[in-house]
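First to last, the protein sequences are chains A and B.
When the letters of the first sequence are read in order and numbered with our numbering, they come out as residues 811 to 916.
When the letters of the second sequence are read in order and numbered with our numbering, they come out as residues 811 to 916.
There are 2 protein chains.
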Amino acid sequence: MRRDIFQAIADPTRRAIITLIALQAMTPNAIADNFNTTRQSVSKHLRILTECELVKQEQQGREIYYSLEIQKMKEVDKWLNQFRKIWETRFDQLDKVLSTIKKQKK
Amino acid sequence: MRRDIFQAIADPTRRAIITLIALQAMTPNAIADNFNTTRQSVSKHLRILTECELVKQEQQGREIYYSLEIQKMKEVDKWLNQFRKIWETRFDQLDKVLSTIKKQKK
DNA sequence: TATATTTGCAACCGATTGGTTTCTTAAACA
DNA sequence: TGTTTAAGAAACCAATCGGTTGCAAATATA
């Protein structure tokens with residue numbers, strides 16, 4: 811099964827998990843408390859997130875703390891870069907149009 | 811069927827289509843020429859992209875030109891913002907560690 | 001007008017998805 | 001030691017996905 815980060819963030823529950831553990835590591839049980847779903851389903855989501863290296867585990871006794879591999883998120887940012895250039899240019903163009911209208915009003 | 815942009819960009823073919831039409835509008839036939847798939851399957855992808863308003867159509871005779879709604883891409887960027895703050899902070903911390911090591915070497 | 005071209009839509013298919021239930025393993029604790 | 005708790009793995013299920021084939025509608029062209 812080929813997993814990538816785009817597939818990982820496609821699911822809304824997974825996006826919520828990512829946000830949840832972005833700032834502090836959490837156990838599967840603690841994560842599951844935040845959703846209307848079973849612990850096992852959260853466990854499955856964590857497996858997918860682990861498979862595409864978006865998440866890292868730290869065992870502590872019988873508990874496992876999951877935290878976000880924040881650097882991995884940059885891959886999405888990197889992909890967005892190609893479009894960022896375009897939408898900034900488009901914004902510049904809109905800016906020009908607006909200032910032209912302003913000038914005409916004078 | 812609830813569609814959102816994250817589901818739209820989960821598929822690699824759709825991401826390629828998005829990149830392809832980011833700079834210039836194209837017809838479904840022209841788009842399909844770039845992939846090892848049927849025109850109908852590209853048509854399906856375009857329908858999904860249209861449903862979540864990532865793409866706009868412009869009819870020209872019997873041809874339909876599809877182009878990217880670049881502004882919509884900002885939604886992904888917006889979602890990334892919460893993490894950007896974190897990874898920039900982490901980078902600052904790494905920066906501090908590195909400069910500390912530098913000082914110790916002196 | 002008859003024919004060719006461009007496109008979307010519906011029906012179908014195998015694979016995958018997200019979820020549940022059940023079971024097992026391992027650690028903590030009485 | 002026996003019990004409780006935390007977690008992953010396996011088996012199953014309905015729904016969805018991405019793809020194909022076949023067809024219909026609309027426009028262009030001879």
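The C-beta atom is built at its ideal place from N, Cα and C for all residues, glycine as well.
For clarity, every value in this text was computed on a predicted model and none was experimentally measured.
In the structure shown, what three-state DSSP assignment does A/Gln834 receive? coil
Please report the straight-line C-alpha distance between B/Tyr876 and B/Met836, rounded to a whole angstrom. 5 Å
Chain A contacts from the stretch 879 to 897 of chain B (Cβ-Cβ distance under 8 Å): Ile880, Gln881, Met883, Lys884, Val886, Asp887, Trp889, Leu890, Gln892, Phe893, Arg894, Ile896 and Trp897
From A/Thr910 to A/Met883, what does the alpha carbon distance come to, in whole angstroms? 40 Å
Measuring CA to CA, which of A/His855, A/Glu863 and A/Asn839 is closest to A/Glu885? A/Glu863
Assigned secondary structure, A/Ile841 (DSSP; H/G/I helix, E/B strand, else coil): helix
Any chance the stretch 855 to 870 of chain A sits against the stretch 824 to 840 of chain A, with 3 or more Cβ pairs inside 8 Å? yes
Tell me the residue span of the alpha helix (DSSP H) that contains B/Leu864. Here B/Leu864 belongs to no alpha helix (DSSP H), and DSSP marks it neither H nor E.
Name the DSSP beta bridge partners of B/Ile819, please? In DSSP, B/Ile819 forms no bridge with anything.
Terminal residues of the continuous beta strand (DSSP E) containing B/Ile874? Glu873 to Leu878
Put A/Met910 into one of helix, strand or coil per three-state DSSP. Note that residue 910 of chain A is Thr in the sequence shown, not Met. Residue state, collapsed to three classes: helix.
Would you call A/Val907 buried or exposed, if buried means 16 or more other Cβ atoms sit within 10 Å of its Cβ? exposed
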